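Numbering (the working numbering), first residue to last: 10 to 119.
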Amino acid sequence: MNFFERYCGLCRDEGGSPNGVARKLGIASASVTQWKQGSLPRVETLAKIAEYFGVTVDYLTGKSDSREKPALQAENGLDEEFIRSYSRLNETNKAQIDSLIQFLLSQQGQ
C-alpha cells in the first residue's frame with residue numbers, strides 16, 4: 010500500500026477527507042494532488058501527518074503494517090530528535106540537508 014492510500018484510509022477512519030485533514034495541518038491542497046500522483050511529502054510533513062494520526066512514518070509510507078510506534082530506543086530517539094531539529098530549519102538549510110543525505114546514500118549504493 011502506498012502513502013496516498015494509507016493517508017486516505019486514515020482520513021476516512023477519522024471521518025474526514027484528504028483535503029480537509031491537510032487543511033487542518035496547514036498543508037496546501039496542491040500537495041494532496043501531488044501525493045495522489047505518487048509524490049511523497051517532505052520529511053517534516055510526513056512527521057506532522059504521522060503525529061496527527063498517531064502512527065509511524067514507516068506505516069504512512071508502507072514500510073510497516075504496524076500503526077503503533079515502537080518502544081523508544083536510543084536509535085529511535087535519535088531519529089525523532091533529527092526530525093524535530095530538521096523541522097526547525099529554514100527552507101535553504103533543509104535543501105542542503107536533503108542534498109547531503111542523498112549524496113551519502115548514493116555513496117552507500119542506496
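Backbone N, C-alpha and C fix where the C-beta goes; we use that ideal spot for every residue, glycine too.
This structure is a prediction, so every number in the text was calculated from the model and none was measured.
- The straight-line gap separating the alpha-carbon atoms of LEU69 and SER108 is approximately 23 Å.
- For GLY63 and GLY118, the gap between their C-alpha atoms comes out near 33 Å.
- For ILE92, the CB contacts under 6 Å within the same chain, skipping 5 residues up- and downstream, are ALA56 in chain order.
- The region 88-105 makes no contact with the region 27-41, as fewer than three CB pairs between them are under 8 Å.
- Close CB contacts of GLU23 within its chain, under the 8 Å cut and outside five residues either way in sequence, are with VAL30 and PHE62 (chain order).
- Classified as exposed, ALA104 has fewer than 16 neighbouring CB atoms from the shown chains inside 10 Å of its CB.
- In this structure, DSSP gives GLN105 a helical state, which the three-state scheme calls helix.
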